[in-house]
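Okay, structure first, notes after.
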Amino acid sequence: MKANILLVDDDEDMLLLFQRILQGNGYSVEAATTGRRALELCESSGFQLAIVDIKLPDIPGNELVRRLRENDDEMAFILITGYPSLQACIDSLDLGIHEILLKPIEVDELLSVTDAAISPEISV
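Following this note's numbering, the numbering of the sequence shown begins with 1101 at its first residue and continues without gaps.
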């Protein structure tokens, strides 16, 4: 396995699609549809990367990233959104987000950004 990834999105179809794509490319993936479930998963598993939707039903994506970073400052983060806003981008810069991806996300884009976030020393 390449790395352990936490995937958080309230859109279950998108979650399943991303999970299959990432697993098909050698990643181990745990999925959550809520921020609370993501926090629970982090208690029992170590993740190298979290891919988090900005809009979640219980905890805003930026707040979830803050909480996850408190528990593991080595974890990399990618935010995804279908509703980009300037404020979300500014907040993300403050959190040290690797990248913000705008939905719809192409498979090649998902994989290249994921690879770069996990192995920044070899990304171009």
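Ideal Cβ positions, reconstructed from N, Cα and C, are used throughout, including at glycine.
Using only CA atoms, which one of the options lies nearest to residue i?
i: M1114; options: E1174, I1200, T1133 and N1104; result: T1133
i: D1110; options: S1144, G1161, S1145 and R1120; result: G1161
i: L1164; options: S1192, S1144, G1182 and L1116; result: S1192
i: P1157; options: L1186, F1147, R1137 and L1149; result: R1137
i: F1147; options: Y1127, G1135 and R1166; result: Y1127
i: D1172; options: L1195, L1186, G1182 and V1129; result: L1195
i: P1204; options: L1106, N1125, L1117 and I1105; result: L1117
Classify residue i as helix, strand or coil using the three-state DSSP reduction.
i: T1228; result: The requested residue 1228 does not occur in the structure, where the chain is confined to residues 1101 to 1224.
i: D1173; result: coil
i: E1130; result: strand
i: D1109; result: coil
i: L1193; result: helix
i: E1206; result: coil
i: I1154; result: coil
i: I1159; result: coil
Using the C-alpha atoms, what's the distance from residue j back to residue i?
i: L1202; j: I1154; result: 10 angstroms
i: L1186; j: I1200; result: 12 angstroms
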